[in-house]
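Chains as they are written, first to last, in the numbering used here: chain A, 79 to 283; chain B, 79 to 283; chain C, 79 to 283; chain D, 79 to 283. Quick reminder that beta carbons are idealized off the backbone N, C-alpha and C, glycines included.
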DNA sequence: GATGAATGAGACTTCATTCAT
DNA sequence: AATGAATGAAGTCTCATTCAT
């Protein structure tokens, strides 16, 4: 019973944090507000999290985990490596659009906003790369994908996707450009980069 | 002498701001610190900038401008459209690595950290896209680049580059991967995506 | 012509000051606001007034002068000393009610809000006492008013009136008490205190 | 010990506030100074008081309460209604002279300096009037004092006293007039006004 | 576990005043 | 004569964090 309750507060805090993040943005994401949301003293958050960053890290971690799970699933449901890459890309996009704030938070790690992200957590974050990496390897083995260095390729794949979504979410996209078209075009470009290129392929779009 | 001094404080503030940003990161970027740096009252900053965001915007603007100038120059120095794209990509990378904090600040716009970025300033920011866009158009005209939509392609180009540098700067790159190799590989990928693909080309790597 | 303009600015400032005082109260009475009112730099006020207090003093002085003139006039229009006292009291009340902010400002001198009121200006302020004092003397000479010390009596008269208006203007009057009735009653009391008292009364203390 | 300390800061702030008020006057009464006095962060004051006004209100309230207590006591110690009125008047004077700053603060309510004085607190302030009012009623019942409207009379009594002290404390009293004599004279005048007047006098208006 | 009190940093605003031009 | 720039004080608010209970 007490265990339940203990877990509860931590979960409640995380939930409230997500809620605040969603409604107010990171800029206005404060421990006080979170505490207020669940009628708990701000100090109580420190019973479950070392500090604000730690709480944000947890949010990040969970978001990453959710994303990874989604990716894992769509990969398992697609047949060919190329289809898998496409599925990965589109799932990534879907996630970024649906959970914008959380997506953005994931990428806060980078900026000095969130320096202290603990090393151990990076491993979990890296799982996404592995998924991509495996698909690329699978494609390379099957002669469909031209990659001698699947790990590095996973990173470039990932990086390119992130760049695309970053532009989309930052609303820096020219208003004359249709968002979905942009995404489609970009993904096509990115994936094309990994296909074995032959004369036959260049025209098969 | 008088004119000089008048103009000075604003410039001094910007300089100090850049310095603080560089040494302390955005997380610890405070008006007080900036004011302290140049032995000026914090209030004085408000005589030249509406608020903290306004100052940051100015920093962004200047960084963008500098970047754009650099891009413009390298473009003008390269011959072929492909060479120009490459030059653009490498100059972008160079800038991002050299002025990391400023590069990061430019991309703060996106996150809600910096919502209030004024519309008018976006235009200047968009100049980079135009530069790329023009090169792509030029290449398309010359039959070297396969783009019917140079504007959109400019955005995908840009986005992908940003993604790459974002991964690099966030230090999320797997330690087993060499940074420069990663960058080279990624740029090659990205640019390849815009080349006219023929059987001859696929093997010329 | 230049003289005219010079005088103008000073007058304009005073006018604007009065306006601001009226509309915003002393609490929000700021040099900036005054300057803004007449589209002049705040610094310009210092060309005509030593500082904020000096400007306020000027306002006070003018208000006092206006009050004194009014008092002088009503005194000259009344016949008997008693009638004169009454006229003085009612004119004083009328002024306090009509120019509340200015009336209040006159009495700011006292509180440490306005310590530095210059000695020379006190003399002008004292003219009001003289007027009362003269009336009392006149009444004493005529056997109507019991005062051996008209100067002191003038001060008590004045003080009592001020107290009454102070209560009225501070809105501290019980809501069940009618304002005008209170004023009438108080004035009656005050003036009664100066009338010749018979032997019967004077000894019952 | 714990309770003591908890209650302490608020009290300490009030004490420091009173000290600052005393030594520097309302003009220089700043939260920062108060905080400095007791080596406490200025922010801490906001944990106990809504804002500066709230703190001042508290000072006022306590001063009023202290005054009322004094008045209550001297009234209970005097015999006849007339003696009580005199005791009240002299105690009032004593208080005003001894606690000048606090006395002045009490009367800050009026000026727009201190607009936001909360309604509930007025009730406490009104207790002084009740004390006077009761004495007047008692005197009226005993045929010594001529008052059909003791409540209003209490206000006029009060107002007159305040006026007198206001003149005294503002140092506007003519230097040729002895302060104590002035006070004595004024009080005599004021109290005389409430004594039963004979037919001869009452009709000579 | 949980909390209230306190802290110190910081943003932002308004202000009176000074100074150099 | 007039002004813009700068200053320092101050009020107000919000915040992350610490501490003692």
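Rank the options by C-alpha distance to the C-alpha of residue i and give the top, closest one.
| i | options | result |
| --- | --- | --- |
| residue 178/C | 147/C, 240/C, 158/C, 208/C | 240/C |
| residue 224/A | 131/A, 246/A, 271/A | 271/A |
| residue 181/D | 226/D, 217/D, 94/D, 143/D | 143/D |
| residue 235/B | 226/A, 247/A, 261/A | 261/A |
| residue 222/C | 166/C, 174/C, 161/C | 161/C |
| residue 89/A | 102/A, 267/A, 122/A, 154/A | 122/A |
| residue 217/D | 132/D, 158/D, 99/D, 124/D | 158/D |
| residue 289/C | 244/D, 250/D, 163/D | The requested residue 289/C does not occur in the structure, where chain C is confined to residues 79 to 283. |
| residue 130/A | 107/A, 114/A, 139/A | 107/A |
| residue 273/A | 95/A, 164/A, 259/A | 164/A |
| residue 115/C | 97/C, 132/C, 127/C, 227/C | 97/C |
| residue 166/C | 139/C, 128/C, 127/C, 212/C | 212/C |
| residue 259/C | 242/D, 156/D, 227/D | 227/D |
| residue 170/D | 132/D, 154/D, 242/D | 242/D |
| residue 47/B | 154/B, 95/B, 156/B | The question about residue 47/B has no answer here: the residues shown for chain B are numbered 79 through 283. |
Would you call residue i buried or exposed, if buried means 16 or more other Cβ atoms sit within 10 Å of its Cβ?
| i | result |
| --- | --- |
| residue 253/A | exposed |
| residue 120/D | exposed |
| residue 151/B | exposed |
| residue 281/A | Here the model assigns residue 281/A a pLDDT of 40, short of 50, so the residue's position is not dependable and the matter cannot be decided. |
| residue 220/A | exposed |
| residue 172/C | exposed |
| residue 81/D | Only weak support is given to the placement of residue 81/D: the predicted model assigns it a pLDDT of 41, under 50, and the question is left unresolved by the model. |
| residue 109/B | buried |
| residue 198/D | exposed |
| residue 176/C | exposed |
| residue 263/B | buried |
| residue 125/D | exposed |
| residue 267/B | buried |
Tell me, to the nearest whole angstrom, how far the beta carbon of residue i is from that of residue j; I am working on the premise that it is less than 8 Å.
| i | j | result |
| --- | --- | --- |
| residue 141/B | residue 183/B | 6 Å |
| residue 104/A | residue 214/A | Rounded, the Cβ-Cβ distance is 33 Å, inconsistent with contact. |
| residue 134/D | residue 87/D | Contact flag wrong, Cβ pair sits at about 18 Å. |
| residue 246/C | residue 229/C | About 26 Å separates the two Cβ atoms, so there is no contact after all. |
| residue 210/A | residue 237/A | Incorrect: roughly 11 Å between the Cβ atoms, too far for contact. |
| residue 168/D | residue 269/D | Not really, about 10 Å apart at Cβ, beyond 8 Å. |
| residue 244/A | residue 244/B | 7 Å |
| residue 137/A | residue 100/A | Not a contact, Cβ separation roughly 11 Å. |
State the beta-bridge partners of residue i as determined by DSSP.
| i | result |
| --- | --- |
| residue 223/A | 273/A |
Original post:
Given 8 Å as the limit, is there contact between the stretch 147-162 of chain A and the stretch 201-215 of chain B, that is, 3 or more CB pairs closer than that?
Top reply: no
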